[in-house]
Each structure stands twice: as C-alpha cells, then as structure tokens.
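Accompanying notes for the structure given below.
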Amino acid sequence: TQLLEQSPQFLSIQEGENLTVYCNSSSVFSSLQWYRQEPGEGPVLLVTVVTGGEVKKLKRLTFQFGDARKDSSLHITAAQPGDTGLYLCAGDSGDYKLSFGAGTTVTVRA
Amino acid sequence: GAGVSQSPSNKVTEKGKDVELRCDPISGHTALYWYRQSLGQGLEFLIYFQGNSAPDKSGLPSDRFSAERTGGSVSTLTIQRTQQEDSAVYLCASSPVRGTEQFFGPGTRLTVL
C-alpha cells in the first residue's frame, strides 16, 4: 500500500495544454517534495513545500501544499515536450526516510 | 562537480547468483540512501547511512540483502541468491546532512533471469 497516492498514473497531452498532477495521503508530512525523473536517470528535485497552504512557482510549474499538509498538486501551464517525464511526489514525516508515490508519467506531444 | 555515480548501469544475472551494486556519493555528503524502484511503483526505501552511526536497515526486504559503506564514502549493496522478484532499478542517493535534498545517481538496472 502506497503511503502517497498519485493521480493520474498516466497523462498524455498536446503541447500548449495545461495539466495537473495530484498527490494525496491520509498522513501528515512535515514537508513534501516533487521530483522529475527521465528514462535512465535518477529523480531530480524540483521543489520542496513546507508550510500548509504554501504555493511555489517554478517558471511554468506551480506547486501547492494542502492546508492540512496531507496533499499536494503540481500544475504545469502551457506544457512543452521538455516537460515529458515521470513526476514523483515524496513526503517527509520528519525523519530521513522519504515516502514516494508511484509517480505520474507525463507525455507532452509536439 | 561530479554527481552520484553508480555501477554497473545494467546487470543481468541468473537466479541464485550473488550481485554487488556500487554507489559513489558526492564528495563530502555524509548521508547515503539506497532505494529500489520497480516498474509502476514508487521508490522503496532500503537502507540509510549517516556518518559513523549504525545504518538504518529497516527497509531491507530480506536477509539476502545487505549493504556497507566503507570510510564514510563508497557504498556497496549486496544481494545474495538473487530471485526474479529482485529485478528492479536500484537507486542510490546522497545528501550533505540528514533531511536535506537528496541527490540521486542514475541507478543500476538489475535483471534476474
């Protein structure tokens, strides 16, 4: 059983469209991280959100941490083919062990 | 600067054989983690090393799995008597201190025939 549930599992969109990926849990996290992983590579950290209700923007990517610190979302505006990849959320319960979701595979078609 | 490196990048072995996977963390990073990533699954925590402290082995799935970290740097993950369900990508990560950003290596893809 995944501690963090990500949805959708797969997402295929046309270049220029918007998309949102969700990460939900029944557990409270001290922080939540979003990673992107490309084939044959390890995950790369995109952002860490710490405060309930926090919103962080990274160019066309907007990350939100739920008020109760149990869920998060990633929104991409005007997606580009370079945004293609596996997006993973990971929750930090206050120790050093991150709990990862199963990931959302995003494909942006040119 | 050099990132986390892992070797081999791919390993194909026969069921029942032992394998060793190597991780070279970023120089100066005191924390080192091993994860396993199976198809369609997220990353599964295996083991954590922090400095000279005893490692947290709570994520190791069976006693066939073991890991060591020599001199606070290079780490080796050993899987004895491999089984087909051990097939996965094994990822190593390091961080400068506990609880900060983890930097991942490219992983070792293990296939057990």
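Just so you know, the sequences run in chain order H and E. Count along the first sequence from 1, then add 774; that gives the number in my numbering. Count along the second sequence from 1, then add 6; that gives the number in my numbering. C-beta atoms are modelled at their ideal positions from N, C-alpha and C, and glycine is treated no differently. Every value quoted in this text rests on a predicted model; they were computed, and no experiment measured them.
For chain H, is any of its Cβ atoms less than 8 Å away from the one on residue i?
i              : result
G57 (chain E)  : no
L119 (chain E) : no
L27 (chain E)  : no
L97 (chain E)  : yes
G46 (chain E)  : yes
Which same chain residues end up closer than 7 Å to residue i when comparing Cβ atoms and leaving out the 5 residues on each side of it in sequence?
i              : result
Q86 (chain E)  : D24 and R70
A94 (chain E)  : R42, Q43, S44 and L116
V18 (chain E)  : T117 and L119
K63 (chain E)  : I53
P782 (chain H) : T878
D841 (chain H) : G826 and G827
I850 (chain H) : N792, L793, R834, L835 and D857
V854 (chain H) : The sequence shown places Gln at residue 854 (chain H), rather than the Val named in the question. Within the same chain, Q854 (chain H) has close Cβ partners E789 and V882.
So which residues of chain E does residue i contact, with C-beta pairs closer than 9 Å?
i              : result
K871 (chain H) : Y39, F51, Y54, D62, S64 and G65
L819 (chain H) : E107, Q108, F109 and F110
L862 (chain H) : G48 and L49
So, is the C-beta of residue i closer than 8 Å to a C-beta in chain E?
i              : result
G903 (chain H) : Only positions 775 to 884 of chain H appear in the structure, and residue 903 (chain H) is not among them; the question remains open.
G865 (chain H) : no
G877 (chain H) : yes
F874 (chain H) : yes
Which one of the options has the shortest CA to CA distance from residue i?
i              : options                           : result
T858 (chain H) : H:K871, H:A884, H:T825 and H:Q807 : H:A884
G865 (chain H) : E:L49, E:P112 and E:L116          : E:L49
T76 (chain E)  : E:G65, E:P61 and E:T88            : E:P61
Y861 (chain H) : H:S846, H:G840 and H:S867         : H:S846
V824 (chain H) : H:S804, H:R810, H:P782 and H:E779 : H:S804
Q108 (chain E) : E:K17, E:S13, E:Y41 and E:T19     : E:Y41
Y809 (chain H) : H:E828, H:G827, H:E789 and H:Q780 : H:Q780
V882 (chain H) : H:S799, H:V802 and H:Q788         : H:Q788
K833 (chain H) : H:G816, H:R843 and H:A852         : H:A852
T197 (chain E) : E:N16, E:S13, E:E20 and E:I32     : Chain E is shown only over 7 to 119; residue 197 (chain E) falls outside these bounds and no answer can be derived.
G9 (chain E)   : E:T106, E:S15, E:Q90 and E:S33    : E:S33
L777 (chain H) : H:K844, H:P813, H:Q854 and H:D869 : H:K844
S867 (chain H) : H:V802, H:Q854 and H:G790         : H:V802
G22 (chain E)  : E:S100, E:L38 and E:E91           : E:E91
S59 (chain E)  : E:C98, E:F110 and E:L38           : E:L38
K871 (chain H) : E:S15, E:F51 and E:Q47            : E:F51
Have a look at the DSSP bridge pairing and note the partners of residue i.
i              : result
I85 (chain E)  : E:V25 and E:F71
Y870 (chain H) : According to DSSP, which records beta bridges pairwise, Y870 (chain H) is partnered with nothing at all.
Q90 (chain E)  : According to DSSP, which records beta bridges pairwise, Q90 (chain E) is partnered with nothing at all.
T878 (chain H) : H:Y861
T825 (chain H) : Bridge partners of T825 (chain H): none, in fact.
T36 (chain E)  : The partner list for T36 (chain E) (beta bridge, DSSP) is empty, contrary to what the question assumes.
V795 (chain H) : H:L848
A99 (chain E)  : E:Y39 and E:F110
T19 (chain E)  : E:V118
Short of 6 Å in beta carbon distance, which residues of its chain neighbour residue i, apart from the five on each side in sequence? Order them along the chain.
i              : result
L27 (chain E)  : L83, Y96 and T114
D30 (chain E)  : S11 and V80
G5 (chain E)   : Outside the displayed range of chain E (7 to 119) lies residue 5 (chain E), so it cannot be described from this structure.
S13 (chain E)  : R28
T822 (chain H) : S805 and Q807
So which residues of chain E does residue i contact, with C-beta pairs closer than 8 Å?
i              : result
L835 (chain H) : Those within 8 Å of L835 (chain H) in chain E number zero; the least Cβ separation is about 17 Å.
Anything in chain E within Cβ reach of residue i, meaning under 7 Å, just list it in chain order.
i              : result
E815 (chain H) : P112
Note down, in chain order, each residue of its chain lying with its Cβ closer than 8 Å to the Cβ of residue i, except the 5 sequence neighbours on either side.
i              : result
L785 (chain H) : L793, V795, T878, T879, V880 and T881
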